[in-house]
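Trainee: Structure in structure tokens, see below.
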Amino acid sequence: MAIITIFGLAGTGTSSCGKLLAKELGYEFISTGGLFRAQAEELGLTLHEYEKNINNNPEKDKEFDQKIEKLGQEKDNLVIDSRLAWYFIPQSIKIKFNCSDEVRLKRICDRDNVSREDAQYKTFFRETSHMNRYTQTYGLADYTADEHFDFIIDTNSLTPEEIVEEILKKINKK
């Protein structure tokens, strides 16, 4: 019984692999990116517009993060795809996905059916926003640092199934 948090920048494969991993383990899957997108949609905003809104309302970030922290205290058998769940659920098995910007952007273009320029602008805007907010709100100067994680997996050339297989091997060794 465990909570597994998966961190990766957009396009690294966290959602695809998180879903597969949860299914393989019989765990519940939660994507904070999916929850974030759903909140934007409820407000009639694009993800980009919502991101801009959140930048001016840090209390919204804190409310959202408190929900994630509460999940970690009340539930078990979870796989959570999230930028900061590793921070709010310190007892979790923390996994980081690495992937080149070129591969990430191609995946985002394919997934969202957008141009490379649009994907690059919006993705890097979000990542800069996250870095600024997490530094200001939580004092996390580098929330992407390898030292925060138990395992790091390069997802550049692996299929989601191969990534899940790699995760299971690493978890079983631990």
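Read in order, the letters of the sequence shown are residues 3 to 176 in my numbering.
Note that beta-carbon positions come from the ideal geometry of N, C-alpha and C, so glycine has one too.
In this text, all values refer to a predicted model and were calculated from it rather than measured experimentally.
Can you tell me which of Lys124, Val105, Tyr136, Phe153 puts its alpha carbon nearest to the alpha carbon of Leu49?
Mentor: Considering only alpha carbons, the answer is Lys124.
Trainee: Can you tell me where the beta strand (DSSP E) holding Glu30 begins and where it ends?
Mentor: Residues 30-33.
Trainee: Return the residue from the list Cys19, Thr7, Ile5, Asp83 that minimises the CA-CA distance to Glu168.
Mentor: For Glu168, the nearest C-alpha among the options comes from Cys19.
Trainee: Output yes or no for whether 7 Å exceeds the beta carbon distance between Ile91 and Gly74.
Mentor: Result yes, Cβ atoms of Ile91 and Gly74 sit closer than 7 Å.
Trainee: Does Ser159 pass the burial test, meaning 16 or more other C-beta atoms within 10 Å, or should it be called exposed?
Mentor: With fewer than 16 Cβ atoms within 10 Å of its Cβ, Ser159 is classed as exposed.
Trainee: Give me the Cβ distance between Ile110 and Ala12, rounded to the nearest whole Å; I'm assuming they're in contact under 8 Å.
Mentor: Their Cβ separation, rounded to whole angstroms, is 6 Å, which keeps Ile110 and Ala12 in contact under 8 Å.
Trainee: Let me make sure I understand the geometry here. Which of Glu104, Phe127, Ile5, Ser131 has the alpha-carbon closest to that of Arg118?
Mentor: The option with the nearest alpha carbon to Arg118 is Glu104.
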